[in-house]
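For the sequence shown, position 95 (counting from the first letter as 1) is numbered 94 according to numbering that gives the first Met the number 0, and the numbering increases by one without interruption.
For every residue, glycine included, the Cβ atom is placed at its ideal position computed from N, Cα and C.
Computed from a predicted structure; not experimentally measured.
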Amino acid sequence: MRILFAAGGTAVQELNYRYRQVPTFGRGTIRRFHKNASAMKRLAARDFEDLLQCAIPVFEGLLPPDQNTIVLDLLFDLATWHAYAKLRVHTDDTLAFFDSATVILGQSVRKFQRTTCAYYHTTELPSEYAARGRRQSQLALKQMGSGTIGRSTTSNPKVKTLNLYTYKYHALADYPNTIRRVGTTDSYSTQPVSLVFIIF
């Protein structure tokens, strides 16, 4: 989202429009998207999954051609990796493919960071900037009430970059080996139970 905001123009509005045009699929498979998918508010894990599964046609052409290719390749690699992670039955071959998909995903993410992320000056999203302003205002009011002098609450949006030094990103490489040791992810996920309540 940060890159679409940094790209300017109507990219974010076009993204929301395209997600609204995606039809539903099956019972509980792909649900209707919220009218403001870019806000990403009140989403469950299944909603993020649906956003990813429909992302390639939605993102196509929103950025300049050279950046568009990198983003679409990354989305394809993410969707491929996600499909392997969600398989309910794995063989030695599928786990070997999953290992390969994990390596390819890592390469795609690093290429995305090195090229597309470096191309755009990304900052806080408008909602993040507004929330930070509200927090600073509340803090300033509390400090005025206690007699201490606070800093000025006016500032520009903070610069935000893609941080690959997080546990979430690091843990992606552990999925194939975890499946080898513990079993497929559906055996320790709550999603199948929640689908039973949706169907009945």
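Length of the line joining the Cα atoms of residue i and residue j
{"i": "Val102", "j": "Trp80", "result": "10 Å"}
{"i": "Val57", "j": "Glu127", "result": "24 Å"}
{"i": "Met39", "j": "Arg179", "result": "33 Å"}
{"i": "Tyr164", "j": "Tyr174", "result": "17 Å"}
{"i": "Asp46", "j": "Ala5", "result": "24 Å"}
{"i": "Tyr16", "j": "Asn35", "result": "8 Å"}
{"i": "Leu51", "j": "Ala78", "result": "7 Å"}
{"i": "Gly182", "j": "Gln137", "result": "48 Å"}
Beta-carbon proximity list for residue i, same chain, < 7 Å, skipping 5 on both sides
{"i": "Asp72", "result": "Ser107"}
{"i": "Thr115", "result": "Ile2, Gln66, Ile69 and Val70"}
Same chain only: Cβ atoms within 8 Å of residue i, ignoring 5 sequence neighbours per side
{"i": "Thr23", "result": "Ile29, Arg30 and Arg31"}
{"i": "Gly105", "result": "Leu171 and Ala172"}
{"i": "Val158", "result": "His120, Thr121 and Thr122"}
{"i": "Glu59", "result": "Asn67 and Leu71"}
Residue(s) in a DSSP beta bridge with residue i
{"i": "Phe24", "result": "Ile29"}
{"i": "Val158", "result": "Thr122"}
Contact with chain D by residue i, beta-carbon distance below 8 Å
{"i": "Arg113", "result": "Absent here is chain D; the protein component of the structure consists of one chain."}
Sequence-distant residues of its chain with Cβ nearer than 6 Å to residue i (five each side left out)
{"i": "Ala10", "result": "Leu3 and Leu61"}
{"i": "Ala100", "result": "Thr79, Trp80 and Tyr83"}
Residue i CB to nearest heavy atom of the ligand HEM below 7 Å
{"i": "Arg19", "result": "The model depicted lacks the ligand HEM and carries no ligand whatsoever."}
> Between the stretch 113-130 and the stretch 80-95, are three or more C-beta pairs nearer than 8 Å?
Replying inline: Remark: fewer than three beta-carbon pairs, one from each stretch, lie closer than 8 Å, so the stretch 113-130 and the stretch 80-95 are not flagged as touching.
>> Report the start-end ranges of each alpha helix (DSSP H) in the stretch 56-104 that is 4 residues or longer and not cut off at the edges.
In response: Segments of the alpha helix (DSSP H) lying fully in the stretch 56-104: 64-85.
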